[in-house]
Amino acid sequence: MLEIAPTKQAAAWLESLAQALAAGDAAAASNLFVDDCYWRDLLTFTWNITTMEGRAAIADMLATTLATAKPSAWRLTGEATSDDGTIEAWFSFETVVARGEGIMRLRDGRCRTLFTAMADLKGFEERKGAARPLGVRHKADPQRETWSEARARETRELGTDEQPYCLVIGGGQGGIMLGARLRQLGVPAIVIEKNARPGDSWRNRYRTLVLHDPVWYDHLPYIPFPENWPVFTPKDKMGDWLEMYTRVM
């Protein structure tokens, strides 16, 4: 059975926050938090990765950013849960330039921790779902580029005819994932890595190494691991996966 009471409490708190922010009342918004509170923001309000600790810091951040961010469209995404008196709920919202998402944890009607993160820049959404590339041109043209030819041309031209906007130093899984994200956003980027092949940062480690994190924490953007993937990934298997990922993404 769905827990109706936690969802109603979360929705009521989120509505109070939305009203305070719409009114530009930073003090009223900060009073919705407990004394020992934290708000971590990834880009949506601050254009930075920032943690505000305490009501005063939250009020100061809002007083600085509300006029330009103009947050709106706050709504819960799914049902809230309750555990030992703490209510947890996911939500979405918008600013003037972005769409965001976040999670709240409430205690006794007030918020103890709030997390907000940018999901999309309006007008610069990732090319996925309904916006994915078509991948083909339906016409008789013997000179048209194949996918592999286009990739080879991009490789030749990037750094010569077309200059990158972003240089990613280090082609481990973090650099590879960032490169995939930038490509989806249409941002020319070069990832440089000291090893010869993608995935070598794992292959070159000690022989019996497996990842210490279970598979559910290790998914890469756009291509999750298959359902039969081992819980703890052997290093060479991970290296091969990363190399495959760079080829198809």
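When the letters of the sequence shown are read in order and numbered with the numbering used here, they come out as residues -11 to 237.
Virtual Cβ for every residue (Gly too), placed ideally from N, Cα, C.
N- and C-terminal bounds of the beta strand (DSSP E) containing Arg100: 98 to 109
Measuring CA to CA, which of Arg185, Arg100, Lys225 is closest to Val203? Lys225
Pairwise C-alpha distance: Arg185 and Phe33: 39 Å
Could you tell me which residues DSSP pairs with Tyr26 in its beta bridges? Glu41, Thr101
With distance defined between alpha-carbon atoms, name the residue in Thr196, Ser189, Gly12, Ala168 nearest to Arg235. Comparing alpha carbon positions, the residue from Thr196, Ser189, Gly12, Ala168 closest to Arg235 is Ala168.
Runs of 3 residues minimum, wholly inside the stretch 161 to 232: which ones carry the beta strand (DSSP E) assignment? 177 to 180
From Thr(-5) to Trp1, what distance separates their C-alpha atoms? Approximately 10 Å, taken between the alpha carbons.
Expressed to the nearest angstrom, what Euclidean distance is found between the alpha-carbon atoms of His200 and Arg191? Going by the C-alpha atoms only, they are around 15 Å apart.
Return the residue from the list Ile164, Thr148, Gly123 that minimises the CA-CA distance to Pro209. Nearest of Ile164, Thr148, Gly123 to Pro209, Cα basis: Ile164.
Measuring straight from C-alpha to C-alpha, what distance separates Ala140 and Ile91? In a straight line, the C-alpha of Ala140 is about 42 Å away from that of Ile91.
Please go through the stretch 106 to 161 and give each complete beta strand (DSSP E) segment of 3 or more residues, from N-terminal end onward. 154 to 157
What does the Cβ neighbour count give for Gln7, buried or exposed, with the cut at 16 atoms within 10 Å? exposed
Would you report the Cα separation of Met106 and Arg193, rounded to the nearest angstrom? 35 Å
Distance CB(Lys110)-CB(Val85) smaller than 7 Å: yes
So, is Lys116 buried or exposed, given that buried needs 16 or more other C-beta atoms within 10 angstroms? Lys116 is exposed by the Cβ-count criterion.
When the Cβ atoms of the stretch 74 to 85 are set against those of the stretch 38 to 52, are three or more pairs found closer than 8 Å? no
DSSP state of Leu94, grouped into three classes? strand
Excluding the 5 residues flanking Leu(-10) on each side, which residues of the same chain have their C-beta closer than 6 Å to its C-beta? Confidence at Leu(-10) is low in this model, with a pLDDT of 49, below 50, so the placement of that residue is unreliable and no value is reported for it.
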